[in-house]
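Single-structure report; data block below.
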Amino acid sequence: MRYSALAFALPIMAASADVSPKAQFFPLTRKGDIPTFVPYKQGQDVFIDCISRNIDNGEHNFDSNDRIIYKAFPTCKETGKPLSFHYGVSEDIQCSITFTDEMYHMFQLYVHEDVPFSCRIPLSTEANYLELGGAYIPLTFNFRGEVHNSHLDLDPNLNLVITKPSNKIPEQQTVVSAVAWSSGTNATRVTIGETVTMQLAVRWFDHLKNVGSLAGAGASELPYPDGFYKLPLNAMFVTYNNYFLTMAFVSAVSVFLTGIIFSRFKKGSIRHSSDPESAYGKLD
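Residues -17 to -1, 1 to 267 in mature numbering (1 follows the signal peptide of the UniProt record, and there is no 0) are what the sequence shown spells out, letter by letter.
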């Protein structure tokens, strides 16, 4: 009886061993579909919005349809507009924001890590894309510091890394992932009503190779190649744009140096061959 039970269980165990979690593409639309999008263009403005939270406990605010409310990132004094980036452009950005009473208390929650500073980047550039249920990439700002009774110590110096598809196909130019984190050693003392300047080092990774693709024959149905956009072991920041600029500079310098060397060699050859009689005289 024991052996017959074991014989019955073995096929079930073998079948169970073959079952693995089914992978699905990320991100999906609100309806759970593979997204379509209007691609970004190089240098185009990339706007973000962030989760609206209850000032008392940090809980999400919801609309009448029980959907999380998002609102624009705080307005930067430098531009008079909410924070934005330029697609595919690595740059340093300053964004000075005034800490109203509400914002000050929200940053207390962010720094204390009671709630995340959660924002999002739309996958598409088309108008009202997110409102219509389009897909987006999450962007979390990880501010560090200390919360005190009378003030807040805040590190406003952030690295912001955004990954994009590494191919150069215009129809696939969107965002794969993004994250921002404080990376300075000097904290700023903040009280209600003060203005603090955020220093953001925005860097785009457009050279990461996607590994571990699971799409197979269905790859053509995806908006861009799937897989793990993995950082190399030697994570030196080199983009395709930087690479081509560097190669162009090296080529220009090489041509310049080659021209100088050739010019000097040519002058030397003319000098030695212009007086044949003196050359023969040395043989006498």
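By construction, the Cβ of each residue, glycine as well, lies at the ideal position given by its N, Cα and C atoms.
Taking just the CA atoms, how far does residue j sit from residue i?
i	j	result
Asp32	Gly195	31 angstroms
Thr174	Tyr212	40 angstroms
Glu42	Asn193	36 angstroms
Val179	Cys102	20 angstroms
Phe68	His131	32 angstroms
Arg50	Ala118	15 angstroms
Ser133	Gln182	24 angstroms
Thr81	Ala198	46 angstroms
Met86	Ala184	23 angstroms
Lys5	Cys59	43 angstroms
Ala202	Ser166	37 angstroms
Thr146	Asn48	32 angstroms
Pro65	Asp75	16 angstroms
His88	Pro153	42 angstroms
Asp16	Asn142	32 angstroms
Tyr23	Val98	31 angstroms
Asn150	Phe188	11 angstroms
Leu205	Asn111	22 angstroms
Gly26	Glu114	24 angstroms
Pro121	His95	21 angstroms
Phe9	Val159	9 angstroms
Phe144	Ile38	Sequence check: residue 144 is Val here, not Phe. Roughly 28 angstroms between the two C-alpha positions.
Ile34	Gln155	27 angstroms
Buried or exposed for residue i, going by 16 or more other Cβ atoms inside 10 Å?
i	result
Phe45	exposed
Leu135	buried
Arg36	buried
Gln77	exposed
Gly128	buried
Pro18	buried
Leu266	With a pLDDT of only 45 at Leu266, under the threshold of 50, the placement of this residue in the model should not be trusted, and no figure is reported.
Ser73	buried
Asp209	buried
Ala163	buried
Leu11	exposed
Ala(-9)	Reliability of the predicted coordinates at Ala(-9) is poor, the pLDDT of 49 falling under 50, and the value obtained from them is presented with this limitation in mind. Label assigned to Ala(-9): exposed.
Gln7	exposed
Pro(-7)	Confidence in Pro(-7) is poor, its pLDDT being 49 and thus under 50, which makes the residue's placement too unreliable to answer from.
Taking 8 angstroms as the cut-off, decide whether the C-beta atoms of residue i and residue j are in contact.
i	j	result
Tyr207	Pro148	yes
Phe126	Tyr93	yes
Gly116	Arg186	no
Leu214	Leu191	yes
Leu106	Thr157	yes
Thr123	Phe100	yes
Thr108	Val21	yes
With H, G and I counted as helix, E and B as strand and the rest as coil, what does DSSP make of residue i?
i	result
Asp84	helix
Ser196	coil
Lys179	Position check: residue 179 holds Val in this sequence, whereas Lys was assumed. The answer is strand: DSSP assigns Val179 an E or B state.
Gln27	coil
Phe188	strand
Ala161	strand
Pro121	strand
Phe56	coil
Tyr112	coil
Pro105	strand
Gln91	helix
Pro65	strand
Gln77	strand
Glu154	helix
Glu129	strand
Figure out for me which residue from the options has the closest Cα to the Cα of residue i.
i	options	result
Gly71	Thr12, Glu177 and Ala161	Ala161
Thr62	Tyr112, Ser73, Gly15 and Asp28	Asp28
Asn169	Leu137, Asn142 and Ile152	Leu137
Tyr53	Asn40, Asp39 and Phe30	Phe30
Glu177	Asp39, Ser79 and Gly26	Ser79
State yes or no: is the beta carbon of residue i nearer than 8 angstroms to at least one beta carbon in chain D?
i	result
Lys147	Although the question refers to chain D, the structure presented lacks it and comprises just one protein chain.
Using a Cβ-based criterion (distance less than 7 angstroms to any ligand heavy atom), does residue i qualify as near the ligand ATP?
i	result
Thr178	The ligand ATP is absent from the structure shown, which contains no ligand whatsoever.
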